[in-house]
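To convert, note that position 157 of the sequence shown is 156 in numbering that gives the first Met the number 0; the numbers rise steadily by one, no gaps.
Positions of the beta carbon are idealized from the N, C-alpha and C atoms, including for glycine.
Notes follow once the structure below has been shown.
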Amino acid sequence: MCGIAGLALRKPGALNWAGRALEGLHHRGPDDQGWLAWSPSAAAYRGKTWSEAQGSVLLVHRRLSILDLSELGWQPMSSPDGRYHLVFNGEIYNYLELRQELKALGHCFRSHSDTEVLLAAWAHWGTACLEHLVGMFAFAVLDAQEQSLHLVRDFFGIKPLYYCAFAEGVGFASEIPVLLELPGVGRQVHPQGLYRYLRFGLTDDGAQTLFSDIRQIPAAHYLRLDLNNLQLTEPQRYWRPNLQNPLELSFDEAAEAVRAQFLENVRLHLRSDVPVGAALSGGIDSSAIVAAMRHLEPGLELHTFTYIADNGVSEEPWADRVGQAAGVQAHKVKPRASELVADLDELVRVQGEPFGSTSIYAQYRVFRLAQEAGIKVMLDGQGADEVLAGYAVYGGARLASLVRQGRWLEALAFLRASRLEPALKDTWKSAIGFLIPASLEPLARRLAGQELAPPWLNTTWFTERNVQLASPRTAHGREVLRHELLQSLTETSLPKLLRYEDRNSMAHSIESRVPFLTPKLVELLLNLPEAHILSPQGQTKAVFRRAMQGLVPQAILDRKDKVGFATPEQHWLHQLAPWVHQLLDSETLGRIYPIQQTAVKEEFAAILAGRKPFDFRVWRWINLIAWARAFHVQFD
Numbered sequence: 000m001c002g003i004a005g006l007a008l009r010k011p012g013a014l015n016w017a018g019r020a021l022e023g024l025h026h027r028g029p030d031d032q033g034w035l036a037w038s039p040s041a042a043a044y045r046g047k048t049w050s051e052a053q054g055s056v057l058l059v060h061r062r063l064s065i066l067d068l069s070e071l072g073w074q075p076m077s078s079p080d081g082r083y084h085l086v087f088n089g090e091i092y093n094y095l096e097l098r099q100e101l102k103a104l105g106h107c108f109r110s111h112s113d114t115e116v117l118l119a120a121w122a123h124w125g126t127a128c129l130e131h132l133v134g135m136f137a138f139a140v141l142d143a144q145e146q147s148l149h150l151v152r153d154f155f156g157i158k159p160l161y162y163c164a165f166a167e168g169v170g171f172a173s174e175i176p177v178l179l180e181l182p183g184v185g186r187q188v189h190p191q192g193l194y195r196y197l198r199f200g201l202t203d204d205g206a207q208t209l210f211s212d213i214r215q216i217p218a219a220h221y222l223r224l225d226l227n228n229l230q231l232t233e234p235q236r237y238w239r240p241n242l243q244n245p246l247e248l249s250f251d252e253a254a255e256a257v258r259a260q261f262l263e264n265v266r267l268h269l270r271s272d273v274p275v276g277a278a279l280s281g282g283i284d285s286s287a288i289v290a291a292m293r294h295l296e297p298g299l300e301l302h303t304f305t306y307i308a309d310n311g312v313s314e315e316p317w318a319d320r321v322g323q324a325a326g327v328q329a330h331k332v333k334p335r336a337s338e339l340v341a342d343l344d345e346l347v348r349v350q351g352e353p354f355g356s357t358s359i360y361a362q363y364r365v366f367r368l369a370q371e372a373g374i375k376v377m378l379d380g381q382g383a384d385e386v387l388a389g390y391a392v393y394g395g396a397r398l399a400s401l402v403r404q405g406r407w408l409e410a411l412a413f414l415r416a417s418r419l420e421p422a423l424k425d426t427w428k429s430a431i432g433f434l435i436p437a438s439l440e441p442l443a444r445r446l447a448g449q450e451l452a453p454p455w456l457n458t459t460w461f462t463e464r465n466v467q468l469a470s471p472r473t474a475h476g477r478e479v480l481r482h483e484l485l486q487s488l489t490e491t492s493l494p495k496l497l498r499y500e501d502r503n504s505m506a507h508s509i510e511s512r513v514p515f516l517t518p519k520l521v522e523l524l525l526n527l528p529e530a531h532i533l534s535p536q537g538q539t540k541a542v543f544r545r546a547m548q549g550l551v552p553q554a555i556l557d558r559k560d561k562v563g564f565a566t567p568e569q570h571w572l573h574q575l576a577p578w579v580h581q582l583l584d585s586e587t588l589g590r591i592y593p594i595q596q597t598a599v600k601e602e603f604a605a606i607l608a609g610r611k612p613f614d615f616r617v618w619r620w621i622n623l624i625a626w627a628r629a630f631h632v633q634f635d
């Protein structure tokens with residue numbers, strides 16, 4: 000797990016940006032560093048400590064040593080013939096199996112690192128090597144013979160990779176702030192992305208970031224850059240979840256298949272030459288990971304890290320039950336509202352772009368706690384909700400599926416059952432959102448008090464910039480739940496959650512691994528009958544609950560509520576009201592022209608007085624102000 004960066008220049012020149020990149024990515028790889036300068040007319044020149052160098056291409060690497068801690072794992076790594084040069088961020092979990100396959104094909108290895116395996120796989124198969132990988136990765140490969148540079152990102156976008164064009168060429172990096180150091184890279188906000196963030200909480204929305212000049216390689220894509228002309232083309236997709244392979248498995252057969260694949264995933268994700276811990280909320284997903292770790296490694300010294308809320312939504316008793324069953328060394332953190340205020344500016348700098356709610360702070364503190372305990376690798380349940388229908392909105396999607404398919408009696412039975420499930424509240428309301436024609440959505444939103452352009456938005460600013468004031472809703476077919484899960488996985492929910500997790504973990508020099516997110520497990524789950532995922536009785540994650548029987552304490556599997564790392568936003572909001580008033584009165588907000596400052600202040604007063612309902616729009620205002628202040632974002 001590391002940080003990477005690099006340049007491709009139109010003509011050879013000074014590469015002094017490398018020093019700033021190495022410094023800016025220090026937290027992602029405090030154990031080692033390296034750089035490589037290359038040009039067609041000279042041999043590659045490399046080093047650890049930056050010294051002035053010239054070249055056409057620069058590769059920069061910061062190392063967090065996880066596998067093969069020796070010097071043989073140093074990057075940038077070059078192939079034996081000098082043709083390929085690689086900087087790699089991530090882990091290839093099946094590197095041992097790939098190593099044996101490549102050895103049989105004639106490749107020799109000096110190290111025990113997954114980096115060398117990835118380099119050999121690329122040299123042997125090119126982009127086709129990606130279909131052989133199980134892992135999370137973002138990497139850049141310079142092909143000195145072909146004079147090309149490939150930028151590649153993993154199947155789900157677990158690891159980040161940003162890029163931009165500037166006057167002298169093209170730059171790329173693991174984090175946005177590093178690219179903002181390049182000459183001429185602007186800090187203008189991207190208007191369409193800003194609307195989708197402020198109105199719907201969407202970030203990491205496709206290839207575009209909230210900075211107009213900076214883009215990201217989307218999940219499951221690669222970008223090939225011809226070094227002779229540096230023409231940026233659209234990234235190419237190399238994988239997408241296959242939903243054309245429906246599995247006619249009984250519920251018990253499906254549970255058996257899910258259990259086997261999940262345990263295999265956890266087994267691979269445990270490969271490490273440093274201690275491994277786990278984030279534990281006490282919910283089904285994190286509890287299953289902890290139980291699987293103990294099942295697979297009975298002698299493992301297992302540390303867990305848990306956020307404890309400072310009001311009545313705490314999951315501490317559930318986390319304690321799992322910890323006792325698995326025999327863990329438990330660590331807990333209980334942040335207060337005042338600590339959020341103290342850490343907000345740093346959290347915003349860490350994230351690089353705005354985020355949706357204060358639950359991100361709970362996660363940030365969990366990783367800080369793990370760093371203090373000396374843990375360098377953590378396993379986490381991210382992605383499970385998106386493939387196992389863990390959110391309330393999926394109840395509406397399942398009901399809409401039954402209605403679309405004309406299964407009226409089943410729809411009525413499901414609606415009745417869902418009323419008894421706390422995790423599926425307001426199922427009928429969310430179902431209407433999936434069933435209503437797109438042409439009637441604006442009217443429906445107005446009637447529900449959820450306008451596409453609420454009064455606190457400066458609609459003139461947005462319309463002058465040709466922003467579409469529309470919802471991110473897309474049409475689904477007959478299987479609404481399956482397609483809603485896919486959209487959550489690839490567009491609306493998971494991409495931003497993975498960004499939050501990556502930045503929060505790497506800010507504390509920790510590698511966070513997400514064993515629910517492998518193509519095999521995701522495609523298995525997405526091709527099961529919808530009723531296996533969300534049962535006719537309204538039970539979420541039904542097949543996974545059955546799969547984990549005998550492994551996870553039954554009391555956890557029987558839980559009907561869902562909390563996760565949920566912070567008490569509304570409680571904190573009232574505690575922090577004077578501070579929020581200061582932010583809404585600030586000059587910074589006055590310069591954020593897309594927001595109507597007076598209307599926002601009136602809206603906040605109405606929320607405090609109980610005249611309007613609370614939702615995450617307040618924290619989005621706060622976050623946008625802090626982000627604009629931290630990065631000097633321009634809105635004109």
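In this structure, DSSP gives S400 a helical state, which the three-state scheme calls helix. Around the beta carbon of T459, fewer than 16 other beta carbons sit within 10 angstroms, so the residue counts as exposed.
From the listed residues V579, H631, V151 and A541, the smallest Cα separation to I283 is found for A541. Looking at the DSSP output, C163 shares a beta bridge with G170. When the five nearest sequence neighbours on each side are left out, the beta carbons in the same chain lying within less than 8 Å of the beta carbon of V265 are those of I288, A291, M292, L295, L378 and P514, in order along the chain. Under a 10 Å Cβ-count criterion, H531 is classified as buried, with 16 or more other Cβ atoms of the shown protein chains found around its own Cβ. In the three-state reduction of the DSSP assignment, K611 falls in the coil class, being assigned neither a helical nor a strand state.
Judged by DSSP secondary structure, W571 falls within the alpha helix (DSSP H) whose first and last residues are E568 to Q574. Under DSSP, the beta-bridge partners assigned to N88 are A137. Note that the region 239 to 251 does not touch the region 388 to 403; fewer than 3 beta-carbon pairs, one per stretch, sit closer than 8 Å.
In the three-state scheme derived from DSSP, where H, G and I count as helix and E and B as strand, S77 is classed as strand. Judged by DSSP secondary structure, P190 falls within the alpha helix (DSSP H) whose first and last residues are P190 to F199. Here the region 328 to 342 lies against the region 572 to 584, with 3 or more beta-carbon pairs under 8 Å apart.
Note on the region 463 to 544: whole beta strand (DSSP E) runs with a minimum of 3 residues are 510 to 512, in chain order. Around the CB of C107, fewer than 16 other CB atoms lie within 10 Å, so the residue is classed as exposed. Closest by C-alpha distance to F543, out of D344, I175, F154 and F261, is F261. Per DSSP, R628 is one residue of the alpha helix (DSSP H) stretching across R616 to F630. Following the DSSP letters along the chain, one finds H106 in no alpha helix (DSSP H), marked with neither H nor E. Between D30 and L58 a beta carbon distance of about 18 Å is seen, past the 8 Å cut, so the two are scored as non-contacting. P567 and V275 have their C-alpha atoms some 29 Å from each other.
When DSSP reads this structure, V59 sits in a beta bridge with A4 and W34. Here T597 has no same chain residue with a Cβ atom under 6 Å from its own Cβ, once five neighbours each way along the sequence are excluded. Assignment of Q553 by DSSP, reduced to helix, strand and coil, places it in the helix class. The straight-line gap separating the alpha-carbon atoms of R418 and A329 is approximately 35 Å. Scanning its chain for C-beta atoms nearer than 7 Å, with the 5 sequence neighbours on each side dropped, one finds around A627 the residues T587 and I591, in chain order. Cα atoms of R403 and E478: separation of roughly 8 Å, rounded to the nearest angstrom.
Membership of K331 in the beta strand (DSSP E) is indicated by the continuous run Q328 to V332. The beta carbon of L488 lies closer than 6 Å to those of E385 in the same chain, with the five residues before and after it left out. In the same chain as Y499, and ignoring 5 residues on each side of it, the C-beta atoms closer than 8 Å to its own belong to Q350, F354, I359 and Q362, in chain order. Per DSSP, D225 is one residue of the beta strand (DSSP E) stretching across H220 to D225. According to the DSSP assignment, H131 belongs to no alpha helix (DSSP H), since it is labelled neither H nor E. Taking a contact to require three or more Cβ pairs closer than 8 Å, the region 308 to 327 and the region 367 to 378 do not qualify as touching.
About 6 Å separates the beta carbons of F433 and A396, which is inside the 8 Å limit, making them a contact pair. Short of 7 Å from the beta carbon of R502, and not among the five residues preceding or following it, lie these beta carbons of its own chain, in chain order: V349, Q350 and G351. Contact between the region 125 to 138 and the region 83 to 98 is established, with three or more Cβ pairs separated by less than 8 Å.
Per DSSP, H149 lies in no alpha helix (DSSP H); the unbroken beta strand (DSSP E) holding it starts and ends at S147 to R152.
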